[in-house]
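Shown next, in structure tokens, is the structure this report addresses.
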Amino acid sequence: MATNHHAQIRYNALDACFRKRYKKFFIEDLVEACCQAIYDYCGMEDGVHRRQVMKDIAFMESHEGWDVPLERVPEGKRIYYRYEDPNFSISNKPLREDELDQLKQTLFMLKRFKGLPQFDWMEEIIPKLEDKFHLSGSATQVIGFDQNLDYTAASKWLSTLFNAIVNQQTLEIDYRKFDGTARHWTLHPYFLKQYNNRWFLLGRNECGTITNVPLDRIEAIEPSSEPYIKNESIDFNEYFDDVIGVTINDAPTEKIQLRFDPERFPYVESKPIHGSMKIIDRENCIVQIEVIPNKELEALILSFGNQVEVLSPPNFREQVATKIHDLSKKYSTDAH
143 MATNHHAQIR YNALDACFRK RYKKFFIEDL VEACCQAIYD YCGMEDGVHR RQVMKDIAFM
203 ESHEGWDVPL ERVPEGKRIY YRYEDPNFSI SNKPLREDEL DQLKQTLFML KRFKGLPQFD
263 WMEEIIPKLE DKFHLSGSAT QVIGFDQNLD YTAASKWLST LFNAIVNQQT LEIDYRKFDG
323 TARHWTLHPY FLKQYNNRWF LLGRNECGTI TNVPLDRIEA IEPSSEPYIK NESIDFNEYF
383 DDVIGVTIND APTEKIQLRF DPERFPYVES KPIHGSMKII DRENCIVQIE VIPNKELEAL
443 ILSFGNQVEV LSPPNFREQV ATKIHDLSKK YSTDAH
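Numbering (the working numbering), first residue to last: 143 to 478.
So, in structure tokens, the structure goes:
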């Protein structure tokens, strides 16, 4: 069955139209209903066309879809569409075997999050799903997840911060840096971001700039009486496009060229280190990324050990070389 998100919205909209008896839905009405459903759901104009709706109808009537019992009722030179049985709905059709398997694996995945404060709702909904679709019982787990077991300090704040963002509540936040320095922010929370198994809150501070606060360093959160300042300038879906990680410096992007060892290169090619990555010289295993240099980029490069070399720009090459030199001194036999 098709998995496109907008497709499912269209199927549900068509299903609702086909069930109604008080209105005749001609093809143009169905197109309008699909467009309106997508707009209501995600606030965007999808531009659904007649041909797409006709393909959706054909899919819904097929064995791959729901085998819907659809009538085409002539009226003059036009036809309108409705179910033969007004009580029929695609939501009432039983799930196929492959759909049940997918649902079962999804439930197994969700169970991994049970016990975290922000997932309290699963304690109630998972047993209901298992009962409704007869999915209870043991099964072999086939999916493994990376998990930071010591990260409970961060997870306890997720629900509070999520609600503050949704409800546009300014916050007073106390946190402690790794060096022991205590900080206090009056923050207008905008976005939660996960990177490298750590969660970060991004918001506007009292200086009017965007800052990020690691959740595992937060010690207390209280509602603030300060009026909430809405985010009207930053699209967080694009905000991190020019960086690796979450630290965004007030600097332009730079074209950074890296040379990898032949043994490492295939892995980097199959899993690019950044969306801007281009292969400059395949024979010599040289790639280029265009990003704002930050500490996360340095850490990523250092994680490759001796399998990567920064070629340019010179200032960033020197910056990484200094860290490698300092690291080398720690392991030098002369230092002991």
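Ideal Cβ positions, reconstructed from N, Cα and C, are used throughout, including at glycine.
Hey, out of the options, whose CA is closest to residue i's CA?
i	options	result
R214	Y223, W208, I363, A149	Y223
L400	K197, E451, F446	E451
R161	M202, P228, L444, R192	P228
Q449	E405, K319, K471, G185	E405
R163	E460, Y225, I315, Y381	Y225
A441	Q430, I428, I415	I415
S470	Y381, L444, I199	L444
V308	I315, L300, E314	L300
R459	N436, N338, Y473	N436
F382	T248, Y337, S367	Y337
N457	I398, F167, V429	I398
C177	A155, I421, K335	A155
M196	F407, Y317, V173	V173
P369	T464, D423, A306	A306
K165	Y409, F304, L334, I221	I221
E217	K298, A175, F168	F168
Put residue i into one of helix, strand or coil per three-state DSSP.
i	result
F201	helix
I315	strand
D292	Because the pLDDT of D292 is 47, which lies under 50, any placement of that residue in the model is unreliable, and the number read from its coordinates should be weighed accordingly. Note: D292 maps to coil in three-state DSSP.
I434	coil
T282	Its pLDDT being 44, under 50, T282 is placed unreliably in this model, and the value from its coordinates should be taken loosely. It is coil, neither helix nor strand.
P456	helix
E396	strand
D423	strand
G447	helix
F320	coil
V190	coil
W341	strand
N154	helix
Y164	coil
Y381	coil
Q336	strand
F304	helix
T464	helix
T389	coil
W327	strand
I232	helix
Only counting the same chain, and skipping five residues up and downstream in sequence, which positions put a Cβ closer than 6 Å to that of residue i?
i	result
G345	L329, H330, P331, Y332
T133	Because the chain here runs from 143 to 478, residue 133 falls outside it and cannot be looked at.
S418	I431, E432
N373	Y332
S366	T312, L313, E314, T328
F342	K335, N354, P356, V388
Taking residue i as part of the beta strand (DSSP E), name the residues at either end of that continuous run.
i	result
Y181	Note, Y181: premise wrong, no beta strand (DSSP E); alpha helix (DSSP H) at 169-184.
Y223	220-225
E361	360-365
I352	352-356
V215	212-217
If you follow the alpha helix (DSSP H) that residue i is part of, which residue opens it and which one closes it?
i	result
F407	407-412
Going along the chain, which residues of its own chain have a beta-carbon closer than 8 Å to the beta-carbon of residue i, five neighbours each way excluded?
i	result
M186	I180
E438	Y337, N338, V385, I386, G387, V388, T389
E170	R192
Taking 7 Å as the threshold (beta carbon to beta carbon), is residue i in contact with chain D?
i	result
N436	Absent from the structure: chain D. Only one protein chain is present.
Using a Cβ-Cβ cut-off of 7 Å (strictly less than) and excluding sequence neighbours within five positions of residue i, which residues of its own chain qualify?
i	result
E361	D316, Y317, R318
N391	I434, N436
Contact the region 365-379 vs the region 314-330: 3+ CB pairs below 8 Å: Result yes; three or more Cβ-Cβ pairs closer than 8 Å.
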